[in-house]
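Student:
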Amino acid sequence: MLESPLFLRLVPLIFTFLWSTGWVVAGYSAQYSDPLTFLVIRYACAALLITALALAVGAPWPKGRRAILDCVVTGVLLHAAYLAGVWWAVRHGLPTGISGLIAGLQPILTALFAPMLVGERISAIRWLGILCGFLGIALVLEPKLVGVAPAALWAVAIPVLVNVIGMLAVTFGSFYQKARIVTGDLRTVTAVQYLAAFLVTLPVAYALEPMRITWNPTMALVLAWSVLALSLGGIGLYLLMIRRGAVSRVSTFLYLVPALVAVEAWFLFGETMTPLQLLGMAVTIVGVVLASRK
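Following this note's numbering, the numbering of the sequence shown begins with 436 at its first residue and continues without gaps.
1. How far does the alpha helix (DSSP H) with N598 in it reach, from first residue to last?
2. Going straight from the alpha carbon of W589 to that of L471, what length do you get?
3. In angstroms with no decimal places, state the Cα-to-Cα distance between A419 and L703.
4. Please classify S468: does DSSP put it in a helix, a strand, or coil?
5. With three or more C-beta pairs closer than 8 angstroms as the rule, is the segment 567–582 touching the segment 710–721?
6. How long is the line joining the alpha carbons of I557 and A584, rounded to whole angstroms?
7. For a test of the three-state rule: what should DSSP assign to I557, helix, strand or coil?
8. What span of residues does the alpha helix (DSSP H) with L518 cover, start to end?
9. Should V696 go down as buried or exposed, given a rule of 16 or more other Cβ atoms within 10 Å for buried?
10. Roughly how many angstroms separate the alpha carbons of A489 and T636, rounded to a whole number?
11. Which one of N598, L445, L441, S686 has the shortest CA to CA distance from G568?
12. Since V591 and L529 are thought to touch, with beta carbons under 8 angstroms apart, how far apart are those beta carbons, to the nearest angstrom?
13. For A626, which residues in the same chain have their Cβ closer than 7 angstroms to its Cβ, ignoring the five residues on either side in sequence?
14. Hey, A538 and T623 are a contact pair by Cβ (cut 8 angstroms); roughly how many whole angstroms apart?
15. Could you give the distance in angstroms between the alpha-carbon of V657 and the alpha-carbon of G671?
16. Starting from V507, trace the alpha helix (DSSP H) in both directions and tell me its first and last residue.
17. For L540, I'd like the list of residues in its chain whose CB is within less than 7 angstroms of its CB, leaving aside the five on either flank, ordered along the chain.
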C-alpha cells in the first residue's frame, strides 16, 4: 500500500490535514496542561508505541554511532525545538496570526537554501508559487493580524524569537533529514527521534513549568489524537515525503495548513470566515499547485 501510486499522490493531502489539526490540539490541551509538559507526554507515548511496533515487525534499527547521532539531531530539530518553540511562544502571548506568518517563512527559507544544501533547483514558476502561497496565508490570517499593533509585538519579543528559532529548527532539520537519513527504516528512525525529543524536552519543561496536567476524557482523547494522528501519522508522512521528494516541494504543502485551520475553527468553534479569507485559500491553492510542479 505504501508504494501504491494512488497512496503516494494522496500523501501530501493526508499529511496537510493531519498537520493542521495540531493547532486544534494545542488549543484544547491548553485547558488541561502546560505546553511543554504535554509535549513530554506526547513524545514518550509516541516513542513507546512506535518502538513496540518496530519490535513487533522486526524492523531494522539504525546501526553505528553516526546513524544514531543523525536520528538524535533530527529528533531534536524536527520535534523538540520546533514544537516546543511554537507551543511555548503562543502560550506566552504570541498572537496566533503572527505565529502563522512565521511558519509561512519556512517554504521561502527552504527554497532559498535548497540549492546550496541539497542541490535542488528552484524554477521561476515554483518561486512564483511560493510567493503566491505566502500571500495566500497572509490573507487567510488577516482577521488575526488586523488587531495586532506593532507596539504589542515588542511586549512579546522573546516569544517571537522563540517561535522563529522553532521555524528555523524544522527548516534545517528537514534539510538534515534529507541529506543524512537517506536509508533506514523510518519506524525505527522515528522511534529514536522521539526518544531524543523526550530526553531534551523533559528537563526544559521541569525548569520552566509547574508541569500541570489535568486528566479527564477530553484530555485523553486530545493526547491520543496527538500521538496517533500527529506524531505517528503526520510526522511519518512528512518524513516519507522528504525521503521521496524535494524538500522545497514538501514544505510548500505547509501553506495549506492555515486555510485548513480556519475551516476547522469555523466547524468546531463557530469562528467566522470572511470573503477575504476564502480568496486567500484560493490564492494559496494556486501557489501550492505552482510550487509543487516538477
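C-beta: ideal position from N, C-alpha, C; glycine also. Because the structure is a prediction, the values reported are computed rather than measured.
Tutor: Let me spell this out:
1. The residue labelled residue 598 in the question sits at position 163 within the sequence shown. Element bounds for N598: 592–615.
2. By 1-based counting over the sequence shown, the position of residue 589 is 154. By 1-based counting over the sequence shown, the position of residue 471 is 36. Annotation: W589 to L471 spans about 24 angstroms, alpha carbon to alpha carbon.
3. Any answer about residue 419 is impossible in this case: the structure gives the chain only from 436 up to 729.
4. Here residue 468 refers to the residue found at position 33 of the sequence shown. Three-state DSSP puts S468 in a strand.
5. yes
6. Position 122 of the sequence shown, counted from the start, is the residue given in the question as residue 557. Position 149 of the sequence shown, counted from the start, is the residue given in the question as residue 584. Rounded to whole angstroms, I557 to A584 spans 35 angstroms at the Cα level.
7. Along the sequence shown, read from residue 1 onward, the residue named residue 557 stands at position 122. Of the three classes helix, strand and coil, the one that applies to I557 here is coil, per DSSP.
8. Mapped onto the sequence shown, residue 518 falls at position 83. 517–526 is the span of the alpha helix (DSSP H), which, as asked, contains L518.
9. The count along the sequence shown starts at 1 and reaches residue 696 at position 261. Looking at its Cβ environment, which holds 16 or more other Cβ atoms inside 10 Å, V696 is buried.
10. Counted from its first residue, the sequence shown places residue 489 at position 54. Counted from its first residue, the sequence shown places residue 636 at position 201. Each residue's alpha carbon lies about 23 angstroms from the other.
11. Along the sequence shown, read from residue 1 onward, the residue named residue 568 stands at position 133. The residue with the shortest Cα to Cα distance from G568 is S686.
12. The sequence position of residue 591 within the sequence shown is 156, counting from 1. The sequence position of residue 529 within the sequence shown is 94, counting from 1. With a Cβ gap of about 5 angstroms, V591 and L529 count as contacting.
13. Within the sequence shown, numbered from 1, the residue matching residue 626 stands at position 191. Counting only Cβ-Cβ distances below 7 angstroms, and skipping sequence neighbours, we find A482, I485, T486, A489.
14. Counting from 1 along the sequence shown, the entry for residue 538 is found at position 103. Counting from 1 along the sequence shown, the entry for residue 623 is found at position 188. Between T623 and A538 the Cβ distance is about 29 angstroms, and since that is not below 8 angstroms, they are no contact.
15. For this step, residue 657 is matched to residue 222 along the sequence shown. For this step, residue 671 is matched to residue 236 along the sequence shown. When rounded, the distance between both Cα atoms is 19 angstroms.
16. Reading the sequence shown from its first residue, position 72 is the one you call residue 507. Counted as a single uninterrupted DSSP element, the alpha helix (DSSP H) harbouring V507 occupies residues 500–510.
17. Counting from 1 along the sequence shown, the entry for residue 540 is found at position 105. Around L540: M602.
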